[in-house]
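Heads up, the thing below is written out as structure tokens.
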Ligand code: TMP
């Protein structure tokens with residue numbers, strides 16, 4: 015079969031409030047899996063390297079005014095524009111470690127007051143993750159971690175609201191990890207969950223959100 019790998023890769027998503035440690039944990043996980051000789055790539059949403067991503071980035075930096083529905087659809091379109099590449103990578107045996115995905119998309123927009131079903135609808139048909147690691151931290155604790163940056167959503171009251179909506183979205187692919195444990199311990203738990211998922215996804219076809 016030449017280069018083609020007949021085992022598919024796993025779609026592994028890390029989610030959580032701003033400052034929960036996702037980005038650090040994503041890169042540690044990628045290094046760990048690479049060290050095991052696995053084919054793995056680090057992804058993130060928003061992907062700020064596309065035209066749509068540029069619009070999102072400018073909005074987050076408070077550089078542009080857009081209404082909530084428009085922003086929601088931009089975040090969503092930013093996932094859609096990556097969907098076919100994502101599918102190709104997974105089918106070719108590459109595991110993707112993704113920093114945020116549709117759960118951020120729905121939770122952040124619903125926290126602004128948009129209807130949750132309306133928020134979910136355009137995410138329909140994106141690839142469903144095999145594993146979602148939710149790094150749990152209280153909004154108060156997250157805000158104490160070196161403080162928030164200057165982006166639009168990094169405010170305590172808003173993050174509280176996001177946390178509520180994450181709760182509503184939890185499904186059977188979620189594994190909750192306590193983000194306040196020592197980082198090495200968080201790292202170890204995520205490694206185990208990821209290895210398990212990479213093993214078990216091989217018997218499962220790719221599926222779609224939100225079924
Ligand atoms: P980042 O800090 O991970 O780059 O994400 C930027 C912000 O965008 C973060 O506050 C979460 C938010 N966000 C959404 O509102 N909707 C989405 O679909 C995604 C992926 C992120």
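Numbering (this note's numbering), first residue to last: 15 to 225. All C-beta atoms in this analysis are idealised placements derived from N, C-alpha and C, irrespective of residue type, glycine included.
Query raised in the report: Three-state secondary structure (DSSP) at residue 56?
Result: strand
Query raised in the report: What did DSSP end up calling residue 193 once you bin it into helix, strand or coil?
Result: coil
Query raised in the report: Count the other CB atoms within 10 Å of the CB of residue 190; is the residue buried (16 or more) or exposed (fewer)?
Result: exposed
Query raised in the report: Are the CB atoms of residue 149 and residue 28 nearer to each other than 8 Å?
Result: yes
Query raised in the report: So, using beta-carbon positions, are residue 68 and residue 92 closer together than 8 Å?
Result: no
Query raised in the report: Rounded to the nearest angstrom, how far is the Cβ of residue 110 from that of residue 57, given a contact under 8 Å?
Result: 5 Å
Query - Buried versus exposed call for residue 32 [16 or more other C-beta atoms within 10 Å across all chains shown] - result: buried
Requested in this report: Count the C-beta pairs between the stretch 153-165 and the stretch 42-53 that are closer than 8 Å, then say yes if the count reaches three, no if not.
Outcome: no
Report task. Evaluate residue 182 with the Cβ neighbour count: other Cβ atoms within 10 Å of its Cβ, from every protein chain shown; 16 or more gives buried, anything less gives exposed. Result -> exposed
Query raised in the report: Helix or strand or just coil, what does DSSP make of residue 140?
Result: coil
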